[in-house]
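**Student:**
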Amino acid sequence: MKLTVLLAAVGVAAAASTACAAPAALPKTPTKDLKPATKHQLAVVRGGGAAVATKPTAAPIQVSKPTAYLTVGWLGVIGGALCHLALGTTYCWGNFSPYTPPHLRYFGGKPATPGAQPDTLWVLPGAFVAQTLTMPIGPWLQTKLGCRGATLVGCWLMAAGVLLSSYAKSLAAFMFCYSFMFGAGVGIAYTAPMVNGWRWFPGKKGLVSGCVVAGFGAGGFIFNQVGSRIINPSGISAVDGVYPAAIYAAFPVMLRKLALIYFTLTGLGALLVNPPPPVVTAVGAPATAPPLGTSLRDAVRSRAFWSLWLMALLVGTAGINVAGTYKAFGARLHADDQFQSLVGSVAALANGTGRLFWGNMLDAAGFNRPFAALVTLQAATMAAYTTLARSRAGFAAATCAILFCLGGNFAMFPAVTTKIFGVRHGALIYGVLFSAFSIASVSGTFITKALVANFGWDGVFKTMSVLSVLVLAVLSTFTASFAA
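Mapping to the numbering used here: the sequence shown position 480 is 470, numbers consecutive.
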């Protein structure tokens, strides 16, 4: 009941906020990088309109959109957010990983060297890699099964991975289920609810993206608490990194209960994802041509794409790294397990809030200025993270700030991708762009393991701050080349 009320409130707030969103100011892409059709599209979109064919065609009959019509569209956005609640449990791994039974922590069952970081650090990067590899499948399934079908297939594959991982006897088997199947399901389902929402509300891409993926962040907030209550209801803290045997024994039980919740939640959410009705044209008149859009081949040849890709790589390396390691870092300073779980939950809520906030900012102020503010906040927080973490309040605030920024990335990048390259292939192009976040996840793990051993955690976060500053350097070039 609490979950239903929470999501209903989020949906109402999102619907109310649409009245305040303004058209986005988009980067001005060098027209030499794109084909004539896309040049026309970018010019029209910069002016606040929708790109359509230049050939004269009959205009659709103008029919006012009644409240019931818009309600169905917003219910689809809420349904997408419900599905993303389950998909967003990706970020629960930072909280769940310390509960992993000893025989699942290392490949081969034991560390190669005494005191080595556990190999479970690879679970989250593995999920991101699987998500990247399967994201192009999502748009293809959308053409075959519709957005609802693609959403359901992906969500249930992810839930099946969680269920099957509870029976794993080795880390390799566990990662096949909890990393590969989980990540593949997320990749297939990720863009489908957003694409459906963009079709309902083509002028609110940032807001729609933010509302849907806000569920992704909120999922960590809710299910961090749910999972911790299942596996460690008394809030027992680890002693020298070790929990009582009863907690390790409850690990598979937690996974099975969570999987059942995921199956149910995403099934209900997918039912709300309905396509908009087709546009009615005048009797006997030719149909309006479909919107123009850049093909994947042309997009990956453009400077705009690779500028976005590089910025996603740099900014993602820092944010994703903290999402997977905050508890391992914080436990050395604040050993209270209940406090760590609470920080993870509140930070996940900040992640979801950031998606909604930054997505709306993109619609209101364009990409460049809001993204510069996001990156500046992340760089400053990373630089001061180890200092702030000396107190509980500082640790919680800094972790929340970093995940607030991370959530913004996952709202702004899909929206700006479709605004620049068009809705027609936007989901597919973003699927390729998402590879930057996957590489960021893997590279962040390598960086963390290497730097912790040689320079400690302070070296890790100072390095992440430098990477964030480099994003601002790339963005300055992006602004000079593409912005008005």
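For glycine and all other residues, C-beta sits at the position ideal for the given N, C-alpha and C.
Is DSSP giving residue 450 helix, strand or coil here?
**Tutor:** Counted from its first residue, the sequence shown places residue 450 at position 460. In the structure shown, residue 450 sits in a helix (DSSP, three-state: H, G or I).
**Student:** Closest by CA to residue 310, which one among 119, 230 and 286?
**Tutor:** As a first step, residue 310 must be located in the sequence shown, where it is residue number 320. Among 119, 230 and 286, the Cα nearest to that of residue 310 is on 119.
**Student:** Given 8 Å as the limit, is there contact between the region 134 to 152 and the region 173 to 185, that is, 3 or more CB pairs closer than that?
**Tutor:** Contact holds: three or more Cβ-Cβ distances are below 8 Å.
**Student:** At a cut of 8 Å, does the region 224 to 233 reach the region 291 to 309 through at least three beta carbon pairs?
**Tutor:** The region 224 to 233 vs the region 291 to 309: no contact.
**Student:** Closer than 6 Å by C-beta to residue 91: which residues in its own chain qualify, once you throw out the five before and the five after it? Chain order, please.
**Tutor:** The residue labelled residue 91 in the question sits at position 101 within the sequence shown. 238 and 241.
**Student:** With three or more C-beta pairs closer than 8 Å as the rule, is the region 365 to 382 touching the region 239 to 258?
**Tutor:** Counting Cβ pairs under 8 Å, fewer than three are found: no touch.
**Student:** Does the separation of the CB atoms of residue 94 and residue 154 fall below 8 Å?
**Tutor:** Indexing the sequence shown from 1 puts residue 94 at position 104. Indexing the sequence shown from 1 puts residue 154 at position 164. Not a contact, by the Cβ cut-off of 8 Å.
**Student:** Sorted by chain position, which residues of the same chain lie with C-beta nearer than 7 Å to residue 86's C-beta, five sequence neighbours on each side aside?
**Tutor:** Within the sequence shown, the letter at position 96 stands for residue 86. Taken in chain order, the residues that qualify are 217.
**Student:** One question on the structure: do residue 385 and residue 320 come within less than 8 Å of each other, judged by their Cβ atoms?
**Tutor:** In the sequence shown, counting from the first residue as 1, residue 385 sits at position 395. In the sequence shown, counting from the first residue as 1, residue 320 sits at position 330. Yes.
**Student:** Any heavy atom of the ligand HEM closer than 7 Å to the CB of residue 181?
**Tutor:** With respect to the ligand HEM, the structure offers nothing, as it holds no ligand at all.
**Student:** Among 81, 436, 422 and 412, which one has its Cα closest to the Cα of residue 189?
**Tutor:** Along the sequence shown, read from residue 1 onward, the residue named residue 189 stands at position 199. Closest option to residue 189, Cα to Cα, is 412.
**Student:** Any chance the region 402 to 420 sits against the region 353 to 361, with 3 or more Cβ pairs inside 8 Å?
**Tutor:** Touching, yes.
**Student:** Pull the bridge partners of residue 232 from the DSSP assignment, please.
**Tutor:** Here residue 232 corresponds to residue number 242 of the sequence shown, with the count starting at 1. Paired residues: 229.
**Student:** Can you find the residues in the same chain that come closer than 6 Å, C-beta to C-beta, to residue 274, ignoring five residues on each side of it along the sequence?
**Tutor:** Looking up residue 274 in the sequence shown gives position 284. In this prediction, residue 274 scores a pLDDT of 44, lower than 50, which makes its location untrustworthy; the coordinate-derived value is nonetheless stated afterwards. Closer than 6 Å at Cβ, skipping near neighbours: no residue.
**Student:** Locate the alpha helix (DSSP H) running through residue 145, then write down its first and last residues.
**Tutor:** Here the question's residue 145 lines up with position 155 in the sequence shown. Run containing residue 145: 127 to 155, per the alpha helix (DSSP H) assignment.
**Student:** Below 8 Å between beta carbons: does that hold for residue 179 and residue 82?
**Tutor:** As a first step, residue 179 must be located in the sequence shown, where it is residue number 189. As a first step, residue 82 must be located in the sequence shown, where it is residue number 92. Their beta carbons are not under 8 Å apart, which means residue 179 does not touch residue 82 by this criterion.
**Student:** Once DSSP output is grouped into helix, strand and coil, what is the label at residue 371?
**Tutor:** Locating residue 371 in the sequence shown gives position 381, where the first residue counts as 1. In this structure, residue 371 counts as helix in the three-state DSSP scheme.
**Student:** What's the call for residue 11, buried or exposed, on a 16-neighbour Cβ count within 10 Å?
**Tutor:** Along the sequence shown, read from residue 1 onward, the residue named residue 11 stands at position 21. Only weak support is given to the placement of residue 11: the predicted model assigns it a pLDDT of 37, under 50, and the question is left unresolved by the model.
**Student:** Let me know the secondary structure DSSP gives residue 467 once reduced to three states.
**Tutor:** Along the sequence shown, one-based indexing puts residue 467 at 477. Helix.
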